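Just so you know, the sequences run in chain order F and A. 162 is the number of the first residue of the first sequence in our numbering; add one for each residue after it. -8 is the number of the first residue of the second sequence in our numbering; add one for each residue after it. Beta carbons are placed, not taken as given, at the ideal position from N, Cα and C, and that holds for glycine. The structure displayed is predicted, hence computed values, not measured ones. So the structure is just underneath, and the comments pick up after that.
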Amino acid sequence: MADPKIEGYQFKPGFKGMASDTGSDQTMFKGVHWGKAMMWIFLLSDTFVFSCFLISYMKGRGSTLIDWPNPSEVFGLHVFGVDVPLLLIAIMTFVLITSSGTMALAVKYGYEKNRKMCGWLILATAIGGLTFVGMQAFEWSKLIHEGVRPWENPFGAPQFGSFFFMITGFHGTHVSIGVIFLFIYAYKVFAGHYDNKKRGWFTSMKGDYVEIEILGLYWHFVDLVWVFIFAFFYLW
Amino acid sequence: MSEEQDNNKVVYQAQSSETMGGSASPSPDMDYVRPAEIPEQDLYHGHSFITKWVFCQDAKVIGVQYFLTAVFTGIVGLILSWLMRLQLGFPEAAGFMTAEHYYQFVTMHGMIMVVYFLTALFLGGFGNYLIPLMVGARDMVFPYVNMISFWMFFIAVAVLMASFFVPGGPTGAGWTLYPPQTILEGTPGSGMGILLMLISLSLFVIGFTMGGLNYLITVLQARTRGMTLMRMPLTVWGIFTATVLAMLAFPALLVSAIMMTLDKILGTSFFMPTIIQAGEVLEYGGGSPILFQHLFWFFGHPEVYIVALPAFGIVSDLISVHSRKNIFGYRMMVWAIVGIGALSFFVWAHHMYVSGMNPWFGFFFATTTLIIAVPTAMKVYNWILTLWRGNIRLNTVMLWCLGFIVTFVNGGITGIFLGNVSVDVPLSDTYFVIAHFHMVMGIAPLMVIMGAVYHWFPLVSGKMLDEGLGKWHFWITFLGAYSIYFPMHYLGFIGVPRRYFEMYDSPYMASATGMNEFISMAAFIVGAAQFILIYNIIKTLKTGKKAGQNPWKANSLEWYTSTVPPEHGNFGERLPVVHRWPYDFSVPGAKEDFIPQTTPPSEVVHTKVEKT
């Protein structure tokens, strides 16, 4: 993105620019909305949360004496008489990554003040997220049906169930919160709250299309975390 | 470097060109400061009592709310410490207390003081009040989120206090909450008590994250015109860096709290190994108690610096103002704060030497631990060099600062002992460790808090606290605190173990009994002396003399608000424009011995001000 115009301030390229921005007054990240900077720092903190979860998982899996269940079998589906490993997860991942694409387009149309397109794309993202959560509920109930519990499972180490439910549950909570906000924002876009700078319900601050980008950052982060969970749980 | 690329630098040099020999003549150019980048902040002004004083969005009111709530929990922690000392010094007088009670008091005292008192007071209290004022902002950048942050903290405190009243009482597992014993039946409060503790901690982390995001973005993105990072008071630097640490360290606490909650209520085995309780094999198996220790101390060690860094920052400002001298080595101080913050993430396992580890692992952590002594010592030298040949005002604030330096050096030196594996192993779990961490992260930051209260009370209330009472408060606390913790070093050396309810007639108690009685007496007196401050505050609010604007003749922006105490929006019609750092004291050639940050260069052309 091109640098914003700031009166009396000269942008410089590369590291010199970084040093000059850091050494300047008023703002460190020039032209960056407060809420956007806040979301980045929140996501850094949230990265540490998920890192702690995943490192604990690696430690638990690495030190178990009972064999870890084989993910290809546990997460496989039996469709049309054939065992397909990781079928459901592949679809879930595809849906979630696609929703990231629609979110990115929504941000673009938001900045172009294309209210209709922006609203429909946010709605599409929300439906993608909802599909993901629904499929995760299906996966959970399938595993629970097969006897997997947080404290035990028929396939091997009991920690498998503990870590699986905890980490996918924590991620699923993130997706669900995102979906709720996507629906709220879709309503706000369609109702034109960002075009006429209507004040928020709780914060009583003026609305702006930058909020779509902030929500987008969160949504992309949730997708990125899923890629790591996918790699560590299903491919390892 | 081309002419064009260097434009920004030229502007800044123009602002401070008076440093070039002091003979320049005033010109309109030298006062130039870039126009505002960001539009005026949109503030929500409360109108009713509820929106003005209860669910208030003004950072100053939120700061005071945080402060009062933290002080309330601190008094609970103080009473718990009295009860512990009663048992240790005069067991026959403490017949009502069982061993279970004692462990519960130890646990709650530790958790309250570290998390709910010191952290909340420094970051929630001083952070909220001072950051917007010191960087020249109208308010925190997200006032609504800030308000929610306080109420989350309030609920966390309420849940914590509720654990005193549930069946089985609060948890008695020690503030470190080590599994497996934390959630096993023999431990007091292993039912509801520990559950409420874990819920309360999770709420605290969530609430704190909301506040922390506010502090960080306010410092990074909402400074006033002319306020560069290197012109911020060190108080802001300390709180800012501590908040960064908190944002990265609290996740580990949240994760360990979630995992332990699941171990407790769902019967998962994240932290629980195969275990036999009362001759019966429990359902648990295969978990790792050491994993909890790693997660806990990855939070726990940065937590020490979350408390210490704001104290470092605040004390630097107080020393500079009250010795009428600029802070020695400002940039060094900033980098030391940042360096200590970064290093604090690589030392956590020095709390786990006695848990057993690969010798090379211990060696690594001993090395990183000792490296932290370098930036810390730099700070101590700089405080002393700031005082050196300063125009020292020996008022209450300065006394607290001097008390801090002495206490911090003392606690820091015992830290060097404990950082070494071979010295730590025999001393760990003795009173030596108690003495060390109470000196370095209990008494030392507390002295800064007291100094800060005497320093900023005139700003918050518009009235001066009584100096006479303040000096009594200081001397009793200072001498008393040494009477408590100095003998504890000796107790540790002769091998008295910590966390024991009763020593009975162990051989070393022959020389320790009298000392325990002495320590307990001192603890009662020091605890009681803290109520002098509360009396002083009440008396001052009723009959104290008016402070007026800027009673200490300080330079930083919080003293240059439109009204005293500052109103919502802080600075009236126009935000201040900053031309210099806040440490221009006793500048040769200046009319007064201080030059406010807002004074433009053209007014001080014939003085030798620092180039900042």
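For residue i, which of helix, strand or coil comes out of DSSP?
i      : result
Q171/F : coil
V193/F : coil
Q268/A : strand
E313/F : strand
T219/A : strand
L238/F : strand
G13/A  : Confidence is the limiting factor: at G13/A the pLDDT is only 44, short of 50, which leaves the residue's position unreliable and the question unanswerable from this model.
V454/A : For the sequence presented, residue 454/A should be read as Lys rather than Val. Correct three-state label for K454/A: strand.
P591/A : coil
V444/A : helix
T421/A : strand
V245/F : strand
P366/A : helix
D207/F : helix
F492/A : coil
R360/F : strand
K166/F : coil
F156/A : coil
K367/F : strand
F585/A : strand
Taking all protein chains shown into account, decide if residue i is buried (16 or more other Cβ within 10 angstroms of its Cβ) or exposed.
i      : result
Y272/F : exposed
N119/A : buried
I70/A  : exposed
N527/A : buried
D496/A : exposed
Y348/F : exposed
L343/F : buried
G535/A : buried
P567/A : buried
Q284/A : buried
Q212/A : buried
T110/A : buried
For residue i, which residues in the same chain have their Cβ closer than 7 angstroms to its Cβ, ignoring the five residues on either side in sequence?
i      : result
M200/F : I375, L378, Y379
T421/A : G483, G486, V487, P488, R489
F516/A : Rather than Phe, the amino acid found at residue 516/A in this sequence is Ile. Excluding positions up to five away in sequence, the list reads I467, G471.
V431/A : F399, G402, G403, G406
G12/A  : The predicted position of G12/A is uncertain, since its pLDDT is 42 and thus under 50; a value taken from the coordinates is nonetheless stated next. Excluding residues within five positions, none has a Cβ falling inside 7 angstroms.
A85/A  : L77, Q78
E300/F : L249
Against residue i, what residues of chain D qualify as contacts under a CB-to-CB distance less than 7 angstroms, listed in chain order?
i      : result
A198/F : Checking the listed chains, one finds no chain D in this structure; the protein chains it contains are F and A.
Take residue i and list the residues in its own chain whose beta-carbon comes closer than 6 angstroms to its own, dropping the five residues that flank it on each side.
i      : result
F214/F : I328
V2/A   : Annotation note: pLDDT 42 at V2/A (below 50); position unreliable, no value reported.
I305/A : T226, V439, A443
S14/A  : Because S14/A carries a pLDDT of 46, less than 50, the predicted location of this residue cannot be relied on, and no value is offered for it.
W550/A : N541
V102/F : There is simply no residue 102/F to check, as chain F begins at 162 and stops at 397 in what is shown.
M253/F : F293, M296
S609/A : Given that chain A is displayed from residue -8 to residue 603, the structure contains no residue 609/A and the question cannot be resolved.
R214/A : V126
F261/A : M250, D254, G278
Excluding sequence positions up to five away, which residues of its chain have a Cβ less than 8 angstroms from the Cβ of residue i?
i      : result
A357/A : H341, G410, N411, V412
P680/A : The structure shown has nothing for residue 680/A, since chain A only spans -8 to 603.
T531/A : F448, S452, K454, M455, L456, D457
I208/A : V132, F133
P478/A : M506, F509, I510
G184/A : Q95, S154, V157, G159, G160, P161, T162, G163
G237/F : D244, V245, P246, L247, L248
Is residue i near the ligand MN, with its Cβ less than 7 angstroms from a heavy atom?
i     : result
Y35/A : Absence of the ligand MN from the depicted structure is noted, as is the absence of any ligand whatsoever, leaving it without description.
Which complete alpha helix (DSSP H) runs does the region 102 to 150 of chain A hold, if anything under 4 residues is left out? 119 to 126
Can you give me, in chain order, the residues of the region 366 to 387 of chain F that have a beta carbon less than 8 angstroms from any beta carbon in chain A? M366, K367
Give, in chain order, every unbroken run of the alpha helix (DSSP H) that is at least 4 residues long and sits entirely within the region 272 to 333 of chain A. Counting only runs of 4+ residues, the alpha helix (DSSP H) found wholly inside the region 272 to 333 of chain A occupies 280 to 313, in chain order.
Which residues of the region 311 to 343 of chain F have a Cβ closer than 9 angstroms to any Cβ of chain A? Give them in chain order. P311, W312, E313, A318, P319, Q320, G322, S323, F324, F326, M327, F331
Could you name the residues of the region 17 to 48 of chain A whose beta carbon sits closer than 8 angstroms to any beta carbon of chain F, in the order they occur along the chain? V24, R25, P26, A27, E28, I29, D33, Y35
Tell me the start and end of each unbroken alpha helix (DSSP H) in the region 11 to 97 of chain A that is at least 4 residues and wholly inside, in chain order. 50 to 80
Taking any Cβ of chain A, which residues in the region 205 to 237 of chain F have a Cβ under 9 angstroms from it, in chain order? L205, S206, D207, T208, F209, V210, F211, S212, C213, F214, I216, S217, K220, G221, S224, T225, L226, I227
If you scan the region 174 to 216 of chain A from start to end, which runs of the beta strand (DSSP E) of 3 or more residues do you find wholly inside it? none
Closer than 8 angstroms, Cβ to any Cβ of chain F: which residues of the region 164 to 198 of chain A, in chain order? Only those residues of the region 164 to 198 of chain A whose C-beta falls short of 8 angstroms from the nearest C-beta of chain F would be listed, and there are none.
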